[in-house]
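Student: Handing you a structure now.
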Amino acid sequence: MDIVYEDKDKIILNKPAGQLSQSGKSFEMDLVSEVLTYRKSKGEEAYAAIINRLDRPVSGLVLMAKNKKEAARLSALMQKESLCKHYQVLVCGKPEASGGELVDNLLKDAKNNESSVVPKGKTGAKEARLFYKLLSYDEETDIARLDIHLITGRHHQIRVQLSSRNMPVIGDGKYGGERALQAVRQLKGTRLKRGCIALCAVSLTVDGRTYEVSPGF
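With the working numbering applied, the sequence shown covers -17 to 199.
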């Protein structure tokens, strides 16, 4: 368990790609279970409320509250979009502009655990917003590195919005198909674990303080 920051009310961890943030299955050691075990070993209250859940194949910063009062406070900040969250991602292709805002309406299909871009006004759809900035582009491999400033936190949001613009996340077979899976072989100087994708929550600003980790790809 990689602890980035901890105080009496909250804890921030660097989740590895491939690990569940939280699971209802007792036989699988997810991140929340690790924190609960850690707190018990210190004689503390066995409480950990996850604030920003990351998908299993995604790595990076996860924020948890250590008591109910802090959970309510941090959840309110999340709802008000007051937690600044930045991601780095490797995608197939290159955006038309070097930066900008992406706004879509996403509809979640809970049964199949996937989301899609739908027309505005579609029943059950929610607005999804993010800003992106092109950090680098490799013409030989046709792979771009983007910084993503996530405004809303919809289900699979970054993956869906980028793939809908023909820029699937490297390794993301669910939304990028064979193209995204084959692109893993083009990565230079790094490897992705099986079932993981090149998307990492690299920066999180809480209460005016910014915490950062390296994406590892």
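We put the beta carbon where it would ideally sit given N, CA and C, even for glycine. A quick note: this is a predicted structure, and the numbers were derived from the prediction, not measured.
Looking only at its chain, what residues have a beta carbon closer than 7 Å to the beta carbon of Lys(-3), apart from the 5 residues adjacent to it on each side?
Tutor: Residue -3 sits at position 15 when you count from the first residue of the sequence shown. Cβ neighbours of Lys(-3) beyond the five flanking positions: Ser3, Leu13, Leu36, Ser41, Gly42 and Val44.
Student: For the segment 109 to 126 against the segment 72 to 80, do three or more pairs of beta-carbon atoms, one drawn from each stretch, fall closer than 8 Å, so that the two count as touching?
Tutor: With the cut-off at 8 Å, the segment 109 to 126 and the segment 72 to 80 touch.
Student: Alpha carbon to alpha carbon, how far is Lys175 from Cys182?
Tutor: Position 193 of the sequence shown, counted from the first residue, corresponds to residue 175. Position 200 of the sequence shown, counted from the first residue, corresponds to residue 182. Rounded to the nearest angstrom, the two C-alpha atoms are 13 Å apart.
Student: Just confirm the distance between the C-beta atoms of Asp129 and Gln70, as a whole number of angstroms; I'd bet it's less than 8 Å.
Tutor: Taking the sequence shown and counting its residues from 1, one reaches residue 129 at position 147. Taking the sequence shown and counting its residues from 1, one reaches residue 70 at position 88. Confirmed, Cβ separation roughly 6 Å.
Student: Assuming Arg38 contacts Gly0 under a Cβ cut-off of 8 Å, what Cβ separation, rounded to an integer in Å, is found between them?
Tutor: Taking the sequence shown and counting its residues from 1, the one referred to as residue 38 is at position 56. Taking the sequence shown and counting its residues from 1, the one referred to as residue 0 is at position 18. At roughly 7 Å, the Cβ-Cβ gap stays under 8 Å, so Arg38 and Gly0 are in contact.
Student: Distance, Cα to Cα, His131 vs His138?
Tutor: Along the sequence shown, one-based indexing puts residue 131 at 149. Along the sequence shown, one-based indexing puts residue 138 at 156. Going by the C-alpha atoms only, they are around 15 Å apart.
Student: Where does the unbroken alpha helix (DSSP H) through Gly42 begin, and where does it stop?
Tutor: Sequence index remark: in the sequence shown, residue 42 carries index 60 (1-based). Per DSSP, Gly42 belongs to no alpha helix (DSSP H); it is in the beta strand (DSSP E), Ser41 to Ala47.
Student: Can you name the start and end residues of the beta strand (DSSP E) that Gln143 belongs to?
Tutor: Translated into positions along the sequence shown, residue 143 becomes position 161. Not the beta strand (DSSP E): Gln143 falls in the alpha helix (DSSP H), residues Gln139 to Ser145.
Student: Does the pairing of the segment 142 to 162 with the segment 91 to 100 give three or more beta-carbon distances under 8 Å?
Tutor: yes
Student: Starting from Thr192, trace the alpha helix (DSSP H) both ways and give me its first and last residue.
Tutor: Along the sequence shown, one-based indexing puts residue 192 at 210. Unbroken run through Thr192 is the beta strand (DSSP E), Arg191 to Glu194; no alpha helix (DSSP H).
Student: Under 7 Å Cβ to Cβ from Ala107, same chain only, skipping five residues before and after it: list those, please.
Tutor: Here the question's residue 107 lines up with position 125 in the sequence shown. For Ala107, where only same-chain residues beyond five positions count, the Cβ hits under 7 Å are Asn87, Leu88, Leu89 and Val100.
Student: Pull up the CB-CB distance for Leu72 and Ile152, whole angstroms please, since I reckon it's below 8 Å.
Tutor: Residue numbering aside, residue 72 sits at position 90 when the sequence shown is read from its first letter. Residue numbering aside, residue 152 sits at position 170 when the sequence shown is read from its first letter. Sure, about 4 Å apart at Cβ, within 8 Å.
Student: Consult DSSP for Tyr29 and reduce its assignment to one of helix, strand or coil.
Tutor: Locating residue 29 in the sequence shown gives position 47, where the first residue counts as 1. In the structure shown, Tyr29 sits in coil (DSSP, three-state: anything other than H, G, I, E or B).
Student: How big is the Cα-Cα spacing for Ala47 and Ile(-7)?
Tutor: As a position in the sequence shown, residue 47 is number 65, starting the count at 1. As a position in the sequence shown, residue -7 is number 11, starting the count at 1. Cα to Cα, the separation comes out at about 6 Å.
Student: Give, in chain order, every unbroken run of the beta strand (DSSP E) that is at least 3 residues long and sits entirely within the segment 84 to 128.
Tutor: 96 to 100 and 108 to 120
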